[in-house]
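If you read the sequence shown in full-length UniProt numbering, its first letter stands for residue 1, the second for the next number, and so on.
No residue lacks a Cβ here, since even glycine has one placed at the ideal position from N, Cα and C.
The structure displayed is predicted, hence computed values, not measured ones.
Before any comments, here is the structure.
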Amino acid sequence: MAPGPSLDAALRVAREFDLPSDQVQRGVDEFLSQMAEGMAKNGTNLSQIPTYVTSVPNGTEKGLYLAVDLGGTNFRVCSINLRGDSTFDLTQSKVAIPRDLMVAPSYKELFKFLAKQVESFLETHHNEHFEATVRRRRLTGTTDEYRREEIFDLGFTFSFPVHQTSINRGTLIRWTKGFDIPDAVGQDVCLMLQDAINELHLPVRVAALVNDTVGTLMARSYTSPGKTETVIGAIFGTGTNGAYVEKLNRLTKLNTKGEPAADATQQMVINTEWGSFDNNLSVLPNTLYDQQLDAASVNPGIQMFEKRVSGMFLGEILRLAILGLAKDATARLLRGDGTLIPTDSPLYTPWGIDTSFLSVIEADTTSDLAETKAALFEHFKVSNASTDDAQAIQAIGHAIAKRSARLSAIALAAILIDTKRIDTDETVDIGVDGSLVEFYPKFVDYIREAMREIKGIGEKEKKVRIGIAKDGSGVGAALIALVAHKGYA
Ligand code: ADP
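So, in structure tokens, the structure goes:
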């Protein structure tokens with residue numbers, strides 16, 4: 001049967017999201033050149049931020065560490081017992097951050113709140129230790145310093161832009177994600193937390209400041225099968241970003257103060273901030289829907305790679321494409337006799353489609369796409385969608401997600417080529433985290449397919465192992481606290 005008008009028009013729109021091999025290749029070439037630029041100077045698309053993490057775990061690490069994660073709506077506190085055999089035990093608590101602390105004149109209240117959470121976590125989950133240290137001191141009025149062995153090292157995952165200057169020093173550049181506390185900008189993030197912890201006299205040392213991509217890399221490296229050291233940690237969740245292990249002497253921008261160059265054996269994990277790859281759009285695709293999304297975003301012209309790849313944006317691209325077709329009288333999408341989209345449908349609300357909807361429709365293999373129709377009704381109040389409508393929406397959603405995976409392959413492949421990791425005989429391990437890579441059907445398969453098309457990868461794609469790093473932020477932060485403590489870093 002020939003496709004009906006809505007499917008026919010949708011297939012044309014879906015083709016706009018095709019990313020053929022030659023465009024993937026151009027992307028890799030440009031990524032390589034923007035990586036090099038970021039290694040040499042500041043103010044480039046790829047920031048290539050030094051993290052001061054200079055070794056990755058091999059699974060034999062041992063010890064009990066604390067980790068906290070301030071990234072958005074929740075604050076998590078956990079303790080991680082690394083068993084030294086690639087396994088760990090994790091205990092955690094999670095609390096919503098009160099809005100009046102997120103937007104406030106002073107950071108003191110927020111950090112006091114965070115320190116209080118650490119205190120109650122210790123009291124609940126490490127009570128014996130709490131009694132022997134904090135409570136004993138409070139009862140006896142002693143103000144002696146804690147002995148080193150009494151102190152917990154803590155890794156602080158802080159997912160806001162930071163100018164990091166050492167493993168546990170970094171100043172806040174700006175708040176994002178709805179936070180606004182003016183006097184915190186320019187302050188040292190670890191010191192703000194340490195001061196609040198010290199006010200409560202807790203035996204806790206903020207040992208490391210952690211970016212979530214680095215945490216993912218470290219967590220995967222600790223748990224990866226066969227003790228293979230992980231090369232890249234990457235997030236495909238609300239946003240996208242990646243960190244990788246680099247030779248320190250290639251990070252030439254660090255070497256501007258006349259210090260001796262690092263020797264060829266020294267390594268450092270670099271946070272690429274690849275969400276901003278190709279902000280100037282020299283190689284990235286740019287459909288009408290990408291343009292509309294960018295124009296309506298809070299940061300037009302910035303994070304252009306992320307806006308084509310990550311969970312926060314894919315649903316919105318689909319929404320804009322559906323509305324475009326629904327308005328087009330000849331396309332006849334979701335039309336019936338008039339329109340099937342009621343005026344109060346979330347399809348009319350910016351950011352009204354969550355990317356989980358793309359996962360649901362991609363997974364629908366029923367012959368009449370009953371699940372897609374049900375989801376259209378449940379989420380968007382669209383009743384009576386035809387099978388043609390459902391196929392049309394499925395085709396566009398599929399194309400948008402596949403483009404995202406093929407773009408993701410550009411970043412991963414470029415790093416494997418640049419670091420020459422792909423040219424060794426060893427397995428190349430990549431740790432990933434985030435709902436998109438975890439839940440979108442075949443996302444990793446599409447990444448692999450694109451990798452095989454890239455010059456310099458091809459058949460060698462078989463050596464690449466991509467695995468989810470579970471509990472990445474907690475375990476990763478613990479591992480970074482550990483390397484900081486050992487003084488490797
Ligand atoms: P974060 O990156 O904030 O730590 P997640 O990794 O859970 O959190 O990513 C959340 C993002 O993933 C949201 O943008 C959401 O739209 C998207 N998402 C949530 N569930 C799914 C799913 N089942 N399939 C694809 N994307 C999803």
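Distance cut-off 7 angstroms: residue i Cβ against heavy atoms of the ligand ADP
i	result
TYR52	no
Beta-carbon separation (whole angstroms), residue i vs residue j, contact threshold 8 angstroms
i	j	result
GLU273	ASN241	6 angstroms
GLY27	ILE410	4 angstroms
GLY233	LEU217	3 angstroms
LEU110	ILE197	Incorrect: roughly 13 angstroms between the Cβ atoms, too far for contact.
GLY215	ASP188	Not quite, the Cβ-Cβ distance comes to about 20 angstroms (not below 8 angstroms), so this is no contact.
ASN384	LEU340	6 angstroms
GLU246	THR60	With 8 angstroms as the limit, GLU246 and THR60 do not qualify as a contact, their Cβ atoms being about 23 angstroms apart.
ALA14	LEU333	In fact, because the Cβ distance is near 12 angstroms, the residues do not count as touching under 8 angstroms.
ALA477	VAL210	5 angstroms
VAL283	SER408	Not really, about 15 angstroms apart at Cβ, beyond 8 angstroms.
LYS94	ASN74	5 angstroms
ASN45	GLU229	Not really, about 28 angstroms apart at Cβ, beyond 8 angstroms.
LEU347	PHE377	Not a contact, Cβ separation roughly 12 angstroms.
ILE457	LEU482	About 33 angstroms separates the two Cβ atoms, so there is no contact after all.
GLY352	GLU306	Not confirmed; about 20 angstroms, so no contact.
VAL118	VAL185	Actually they do not touch by this definition, with Cβ atoms about 23 angstroms apart.
LEU101	LEU193	About 14 angstroms; that fails the 8 angstroms criterion.
PHE160	THR176	6 angstroms
THR330	PRO5	7 angstroms
CB contact below 8 angstroms: residue i versus chain D
i	result
ASN81	Absent from the structure is chain D; it holds one protein chain and no more.
### Query
Hey, is the segment 43-54 in contact with the segment 343-358, meaning 3+ C-beta pairs nearer than 8 angstroms?
no
### Message
With a threshold of 8 angstroms, are at least 3 pairs of Cβ atoms found where one atom belongs to the segment 64-78 and the other to the segment 451-465?
### Response
no
### Quiz: which residues have CB nearer than 5 angstroms to the ligand ADP non-hydrogen atoms
GLY237, THR238, GLY311, MET312, ASP354, THR355, SER356, SER359, GLY434, SER435, LEU436, PHE439, TYR440
### Message
I want to know whether the segment 220-238 touches the segment 119-139 - three or more CB-CB distances under 8 angstroms.
### Response
no
### Message
As an exercise, report each continuous alpha helix (DSSP H) stretch of at least 4 residues that is fully enclosed by the segment 265-343, in chain order.
### Response
288-296, 306-309, 311-327
### Task
Could you name each continuous alpha helix (DSSP H) segment of 4 residues or more that falls completely within the segment 30-62, going from the start of the chain to the end?
none
### Task
Pick out the complete alpha helix (DSSP H) segments inside the segment 78-121, 4 residues or longer, and give them in chain order.
99-102
#### Entry: Residue ranges of each alpha helix (DSSP H) within the segment 160-246, 4 or longer
189-199, 212-223
### Task
Please confirm if the segment 299-319 is in contact with the segment 362-375, defined as three or more CB-CB distances below 8 angstroms between the two stretches.
no
### Query
Are the segment 142-158 and the segment 470-485 in contact at 8 angstroms, needing three or more beta carbon pairs?
yes
### Message
Please give me, in chain order, every unbroken run of the beta strand (DSSP E) with length at least 3 that falls completely inside the segment 411-471.
### Response
428-433, 464-468
#### Entry: the segment 264-272 touching the segment 435-445, judged by at least three CB pairs closer than 8 angstroms
no
### Inter-stretch contact (C-beta, 8 angstroms, three-pair minimum) for the segment 377-391 and the segment 287-297
no
### Query
What are the start and end residues of each continuous alpha helix (DSSP H) run of 4 or more residues lying completely inside the segment 339-417, in chain order?
356-362, 370-380
### Query
Considering only residues of the segment 122-153, which uninterrupted alpha helix (DSSP H) runs meet the minimum length of 4 residues and lie entirely inside it, listed in chain order?
127-130, 136-140
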